[in-house]
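Below: the structure, in C-alpha cells.
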Amino acid sequence: MKRFVLVGTGHRGTQAYLTQIPKELSDCVEIVAVCDRNSARAKAAIQYAELSVPVYTDFDKMLAEINPDGVIVTTIDATHDEFIIKALEAGCEVVSEKPLTTDGDKANAIKAAEDKAGGHVTVTFNCRFMPFFVRIKELLKEKVIGDIYDVHYEWMLDTSHGASYFRRWHRERKNSGSLLIHKSTHHFDLLNWWLEDEPEAVNAFGARRFYIPSHQPHGERCLTCPYKSTCKFYFDITRDDFYNKMYYSVENEDGYIRDQCPFSEEIDIEDNVAMNIRYKGGTVVTYNLVAYAPYEGMKIVFNGSEGRMEVINIASQCFGENPVKEIRIYNRCNEEIVYHMPANSMLTKFMVGADQVTKDNLGGHGGSDPLIRAAIFRGMQQDPLGQMADLRAGIMSLGIGAAANVSMKEHRAVELKEILDI
2 MKRFVLVGTG
12 HRGTQAYLTQ
22 IPKELSDCVE
32 IVAVCDRNSA
42 RAKAAIQYAE
52 LSVPVYTDFD
62 KMLAEINPDG
72 VIVTTIDATH
82 DEFIIKALEA
92 GCEVVSEKPL
102 TTDGDKANAI
112 KAAEDKAGGH
122 VTVTFNCRFM
132 PFFVRIKELL
142 KEKVIGDIYD
152 VHYEWMLDTS
162 HGASYFRRWH
172 RERKNSGSLL
182 IHKSTHHFDL
192 LNWWLEDEPE
202 AVNAFGARRF
212 YIPSHQPHGE
222 RCLTCPYKST
232 CKFYFDITRD
242 DFYNKMYYSV
252 ENEDGYIRDQ
262 CPFSEEIDIE
272 DNVAMNIRYK
282 GGTVVTYNLV
292 AYAPYEGMKI
302 VFNGSEGRME
312 VINIASQCFG
322 ENPVKEIRIY
332 NRCNEEIVYH
342 MPANSMLTKF
352 MVGADQVTKD
362 NLGGHGGSDP
372 LIRAAIFRGM
382 QQDPLGQMAD
392 LRAGIMSLGI
402 GAAANVSMKE
412 HRAVELKEIL
422 DI
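Residue 2 is where the sequence shown starts when you use the working numbering, and the numbers rise one by one after that.
Next up, the structure:
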C-alpha cells in the first residue's frame, strides 16, 4: 500500500483524486494528507470526498510529518515546479497534472532535480487513454498511411468551455503560461505520441479577439454583474453545490474569485493561435487553437507516404446528441476506408488488475480518467503503445507551448533547444 499526499484541492485535485482513489484503488494506494494555501478549501475538499486526513497549508511541514511515498501535484500550473522539486528532494514519487510547468527554465529545473534525486515524475496526459485517440495511435503505428510527412491539426473550444478559462486563474499568463501551455499541452502531447517523434522548432501567431472588454458589457464577476440578466456568459456560482462549497464560500480566505468576467481588462492570454511545428524526423505540422468556436472538438489530417488519414471528433449540440467520431483513410488505390472503434478496446489489456478497472465512459474525460489512474497507481504489465508519460514527455509537450510563447513575443521562429536543456 503506497501512501500519497495531494497538494492543490481545487476542482481537478478533488474530483479526479480525492473522491476517486478511495473508490477505485483502495487496495493499492491511499491519500494520507492534503495541502492547499486555502485551508478552508482543503477542509471543504476532504469533507466533500468524505475523507478524514490531516490538512496542511505548509507543504514542507506536510512532507516532514507525513513522510509519504508519493505526491500528487494539482496546483496552479505556475507552481508545479516548486512542489515537484521539493517532492523529488524528499525521495517521493511524483504524479503531476498536466502541464508539467509553464516555461523552459522551470522545466529545466525539474529535470535537474529528477536527475539528482534519481526519482520519477509521471505526467497525467489522460488523452493517451481516450479510446478514440488510442485507435488513431494504433492505426498510425500499423503504418496504414506509411510515414507521416505533414499534419493539419485544429482544436476548437466552444464558448462554454472556452469562456471558462477566461473567468478562472488561467486567464493570467503568470499562472497558466497561456492556453498554449495549459490546454494545448494535451494536443501537443498527442502529436508527439502519435508521431513517435520530438519537436524541433516552432513559429506562432496569436491574439485575443473574442474575449475582449468591448465585446460584452461587463462587471468584475458574474454574481454581482449589473448585466447578468442579459449576458449569455452568465455563470451562477451559487447554483452548483461543488462550486459553492469549494470556491464561493471560501473565497474570503485567499481572495480567489471563481466567476470572474471572461471579458475583463486584465486578461493577458490569447484566445486564438495559429502555429507551425517542425519535428526532428522531418514532419511539419500546422496547428490552430480557437477558444470561441460554436462547437467543441478537433479535426486532424495526416498526410503520409501511403495515403491520407482524416479524423474528426466533435461533441456539440450542433450535431445532435451523438458525438461525431470518424477516421477515414484514403490510400493510393483510390479507396476510402472508414475505421470504427473496436468492440473490445485493448486499453485495459496490459493493466495490472485489469478486471478491477472502471470502464464507465462517464468516468471523466471520455472514460480516460479511471484508466489512467489505474495505470499510474496499479501499473501496467506492458505498455506497447507507450501510454505512460514520463518527465521527458511532459517537457516535450511543454516545450512546444513555451517556444510558441517566445515566438509570439519576439516575432520569430524558435528552436526548442534555445529554451530547454535537451
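All residues carry an ideal CB built from backbone N, CA and C; glycine is no exception.
Checklist entry - Under the rule that 16 or more other beta-carbon atoms within 10 Å means buried, what is R240, buried or exposed? => result exposed
Item to check | Element boundaries [alpha helix (DSSP H), containing L372] | outcome: S369 to F378
Checklist entry - Given N345, which residues of its chain have a CB within under 8 Å of its CB, disregarding the five upstream and five downstream residues? => result Interpretation of N345 is limited by its pLDDT of 49, a score under 50 that renders its predicted location unreliable; no figure is taken from the coordinates.
Item to check | Which of helix, strand or coil DSSP assigns to A91 | outcome: coil
Next on the checklist: I'd like to check one pair, F211 with Y293: are the Cβ atoms closer than 8 Å?
Outcome noted: yes
Checklist entry - Can you tell me the Cα-Cα spacing of N362 and A65, whole angstroms? => result At N362, the pLDDT of 47 sits below 50, so the modelled position is not reliable; the number obtained from the coordinates is stated separately. Looking at the two C-alpha atoms, the distance is approximately 39 Å.
Next on the checklist: Taking the straight line between their C-alpha atoms, what separation do you get for H366 and T125?
Outcome noted: 12 Å
Item to check | CB-CB length for F189 against S369, believed under 8 Å | outcome: The Cβ separation is near 17 Å, so there is no contact.
Checklist entry - So does the region 220-237 actually touch the region 188-208, counting three or more Cβ pairs closer than 8 Å? => result no
Next on the checklist: In whole angstroms, give me the CA-to-CA distance for C1 and F243.
Outcome noted: Lying outside 2 to 423, the shown extent of the chain, residue 1 is not represented and no answer is given.
Item to check | Three-state secondary structure (DSSP) of C334 | outcome: coil
Item to check | Limits of the unbroken beta strand (DSSP E) element including E221 | outcome: Where E221 is concerned, there is no enclosing beta strand (DSSP E), given that its DSSP letter is neither H nor E.
Checklist entry - In whole angstroms, what separates the C-alpha of V203 from that of H183? => result 17 Å
Next on the checklist: Which of the three DSSP states is assigned to F130 in this structure?
Outcome noted: helix
Checklist entry - If you run the structure through DSSP and keep just helix, strand and coil, what is A164? => result helix
Item to check | C-beta neighbour in chain B for G400, strict 8 Å | outcome: The structure shown contains no chain B; it holds only a single protein chain.
Item to check | Given Y296 as reference, the closest of A50, G163, V33 and K112 once Cα atoms are compared | outcome: G163
Next on the checklist: Please list the terminal residues of the continuous alpha helix (DSSP H) segment that includes G402.
Outcome noted: L392 to E411
Checklist entry - Does DSSP classify L64 as helix, strand or coil? => result helix
Checklist entry - Whose C-beta lies closer than 7 Å to the C-beta of F84 among residues of the same chain, with five residues either side of it excluded? => result V8, F60, V72, V74 and T76
Checklist entry - Which runs of the alpha helix (DSSP H) fall wholly inside the region 178-242 and span at least 4 residues, in chain order? => result 180-183 and 185-196
Next on the checklist: With distance defined between alpha-carbon atoms, name the residue in E267, K107 and F133 nearest to K300.
Outcome noted: F133
Item to check | Simplified DSSP state of L52, which is helix, strand or coil | outcome: coil
Checklist entry - So, helix, strand or coil for G71, using DSSP? => result strand
Item to check | CB of D78 within 8 Å of CB of P100, strictly | outcome: yes
Next on the checklist: Tell me the rounded alpha-carbon separation between A205 and V274.
Outcome noted: 7 Å
Next on the checklist: Using C-beta distances below 6 Å, list every residue in its chain close to H171, excluding the 5 sequence neighbours before and after it, in chain order.
Outcome noted: S177 and H183
Checklist entry - Three-state secondary structure (DSSP) at R309? => result strand
Next on the checklist: Would you call the region 402-420 in contact with the region 383-393, where contact means no fewer than 3 C-beta pairs closer than 8 Å?
Outcome noted: no
Next on the checklist: On the CB-based measure, 16 or more other CB atoms within 10 Å of its CB, does A376 come out buried or exposed?
Outcome noted: buried
Item to check | Cross-strand partners of V96 (DSSP beta bridge) | outcome: I73 and T123
Next on the checklist: Give me, in chain order, the residues of the same chain whose beta-carbon lies closer than 7 Å to that of D427; leave out the 5 immediate sequence neighbours on both sides.
Outcome noted: The question about residue 427 has no answer here: the residues shown for the chain are numbered 2 through 423.
Item to check | DSSP state of A292 mapped onto helix, strand, coil | outcome: strand
Next on the checklist: Here's the rule: buried if 16 or more other CB atoms are within 10 angstroms of the residue's CB, otherwise exposed. What is P263?
Outcome noted: buried
Item to check | Inter-residue Cα distance where the pair is K44 and N245 | outcome: 14 Å
Next on the checklist: Quick check on T58: buried or exposed, where buried means 16 or more other Cβ atoms within 10 Å of its Cβ?
Outcome noted: exposed
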